[in-house]
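Some notes on the structure that comes next.
Residue numbers (the numbering used here): 4 to 399.
This is the structure we're talking about:
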């Protein structure tokens with residue numbers, strides 16, 4: 004399984020490598036090799052050895068020259084940038100860490116999954132090939148999947164700690180905490196508190212030192228994301244397109260509505276799961292993530308990676324995975340076609356119409372996935388019993 008995961012990652016690297024050492028004259032969209040890693044090397048001053056957050060100033064924040072990601076991602080970018088000197092070397096060095104986290108996730112899933120074939124949906128799925136090296140989300144995916152593995156092994160404190168580190172890298176692992184805590188709570192009422200404390204410790208480990216060193220620099224990503232408009236791949240943008248932005252012109256309004264719907268929807272999902280005789284923490288985690296994708300104002304391409312581990316751990320119908328993979332890829336290629344049209348100023352409206360069809364179709368598939376999550380069974384092996392001499396892991 005690790006070998007197959009390596010094949011998927013190698014295919015993903017080969018796709019993005021087409022953009023290395025050449026001018027981006029539209030090739031990044033024509034060959035689907037666009038990635039955020041290369042342009043941000045210059046755009047965020049990493050080529051000048053400016054370290055994220057610590058070297059932030061009022062001027063760099065106003066000019067949007069600071070890193071807009073949470074602490075874990077920014078620290079990783081900063082460390083890598085200190086050892087590289089070109090966009091290509093920066094991309095390649097980043098790719099090593101991303102690939103290792105992708106492989107770690109595959110190993111964890113291979114140990115957990117009742118049906119090994121489903122791990123292939125993670126290891127060599129279209130989303131892994133398209134987005135593994137698009138951004139830095141694979142770091143958080145690795146931490147989140149390792150947290151699922153720790154939870155499966157009964158190491159609840161380690162699960163909380165890994166989720167905390169993952170959430171400090173990309174927010175989404177925090178969405179898994181309520182689901183895992185609910186499953187643990189049904190076994191022992193004290194466990195969720197310890198898991199939550201470990202989660203806070205993981206978040207604090209990466210954030211507190213930066214907060215103390217340069218609070219304004221640490222806070223910048225949250226200010227950036229709060230003011231960020233909806234991106235092309237969302238329902239919010241399409242509504243904006245047809246209303247000329249009249250009813251939700253300000254990003255704060257979108258934040259309030261989308262955040263409120265997500266919180267209320269997730270709370271309902273948790274309540275419905277809590278009344279079951281036995282909670283399904285992996286299915287609930289999946290449902291909460293889908294709820295976020297349905298409501299968020301930003302749906303970056305690599306967010307599809309968040310769902311992949313759960314297709315390996317849940318008895319989702321095969322057609323549902325195929326439908327998600329196809330519609331997600333359709334959105335990716337439609338966005339590329341739209342940008343190509345913008346560059347040449349030809350068929351812009353038509354390509355935007357095509358993108359809108361793809362976006363709404365993907366939302367329909369996500370809604371189906373959410374409905375399926377109410378009935379789906381978990382395909383998770385019972386962990387092997389430990390030998391008497393084996394050390395007991397850090398559990399709650």
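Even for Gly, the Cβ is constructed at its ideal location relative to N, Cα and C.
query: Paired residues, beta bridge with residue 317 - DSSP; result: 381
query: Closest by C-alpha distance to residue 23, when choosing among 91, 147 and 8; result: 91
query: Cβ neighbour criterion (16 or more within 10 Å) applied to residue 69; result: buried
query: Rounded C-alpha distance that separates residue 50 from residue 196; result: 43 Å
query: Segment contact, 8 Å Cβ cut-off, at least three pairs: the region 334-354 with the region 76-85; result: no
query: Alpha-carbon spacing of residue 152 relative to residue 62, whole angstroms; result: 43 Å
query: Option in 266, 288 and 265 with minimal Cα separation from residue 276; result: 288
query: Backbone secondary structure at residue 116 - three-state DSSP; result: strand
query: C-alpha gap between residue 120 and residue 127, whole angstroms; result: 11 Å
query: Residue range of the alpha helix (DSSP H) that includes residue 226; result: 218-230
query: Straight-line gap, residue 209 to residue 229 (C-alpha atoms, nearest Å); result: 21 Å
query: Three-way DSSP call (helix, strand, coil) for residue 363 in this model; result: helix
query: N- and C-terminal bounds of the alpha helix (DSSP H) containing residue 75; result: 74-85
query: Cβ-based burial, residue 380 [other Cβ within 10 Å; buried from 16]; result: exposed
query: Anticipated Cβ contact below 8 Å, residue 317 with residue 118, distance rounded; result: Actually they are not in contact, since the Cβ atoms of residue 317 and residue 118 sit about 10 Å apart, beyond 8 Å.
query: CB-CB length for residue 312 against residue 108, believed under 8 Å; result: 6 Å
query: Cβ pair residue 359, residue 303 closer than 9 Å; result: no
query: Residue ranges of each alpha helix (DSSP H) within the region 228-304, 4 or longer; result: 238-246, 254-277 and 284-298
query: Beta-carbon proximity list for residue 42, same chain, < 6 Å, skipping 5 on both sides; result: none
query: Beta-carbon spacing of residue 9, residue 106 below 9 Å; result: yes
query: Check whether residue 205 and residue 169 have beta carbons under 9 Å apart; result: yes
query: Cβ neighbour criterion (16 or more within 10 Å) applied to residue 172; result: buried
query: Backbone CA spacing between residue 336 and residue 193 [nearest angstrom]; result: 48 Å
query: Close-in-space but distant-in-sequence residues of the same chain around residue 391 (CB under 7 Å, 5 per side omitted); result: Unreliable positioning characterises residue 391 in this predicted model, as indicated by a pLDDT of 38, which lies under 50. The coordinate reading is nonetheless provided below. Nothing meets the Cβ criterion.
query: Residue environment, residue 52, which counts as buried when at least 16 other CB atoms sit within 10 Å; result: exposed
query: Buried versus exposed call for residue 245 [16 or more other C-beta atoms within 10 Å across all chains shown]; result: exposed
query: Pick from 279, 30 and 221 that is closest to residue 60, judged by C-alpha positions; result: 221
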